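So the structure is just underneath, and the comments pick up after that.
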Amino acid sequence: MDKDTKVKELLAFRQQAYQQTFNLENRFSEAVVKDLERFCRGSTSCFHVDARYHAVLEGRREVWLRIRDALKLNPDDYFEKYTTGKERSHE
C-alpha cells in the first residue's frame, strides 16, 4: 500500500470518527455541536483588542473549523485540505 493510500485511509477513519462522535441525527450530539460553534465563535469574529485573548479565541475557532470540516466536507475535499492545506475549488 502506497503512502497516499495509507494517508487517505487514516483521514477517512478520522473523518468517520468525528461524524460518529458528532452525529447530527442525535439531538444530544447536535446540541453539543451548536454549543461548540457558539463557544468557539464559529460564526462570529474572533477579534479582541487584547492580543492574548484574541489568540485564545482564534485557537478555539481553529478547533471548531476542524470539527466543521470533518462533518461537512466530502471525503475527497477533506483529504485535499488536510494533505495540502488548500480547499478544492468546485468550479
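Here the UniProt record's numbering is used: position 81 in the sequence shown is 81, and no number is missing along the way. Don't be surprised by glycine CBs; every beta carbon is placed ideally from N, CA and C. For clarity, every value in this text was computed on a predicted model and none was experimentally measured.
Non-local beta-carbon contacts of D76 in its own chain, meaning distances under 8 Å to residues more than five positions away in sequence, involve R88 in chain order. By the criterion of a C-beta distance shorter than 6 Å, R68 is surrounded by no residue of its chain, once the five residues flanking it on both sides are discounted.
For D50, no alpha helix (DSSP H) encloses it, and the DSSP letter there is neither H nor E. For D4, the enclosing alpha helix (DSSP H) begins and ends at 3–21. In the DSSP annotation of this structure, S45 is not part of any alpha helix (DSSP H), being labelled neither H nor E.
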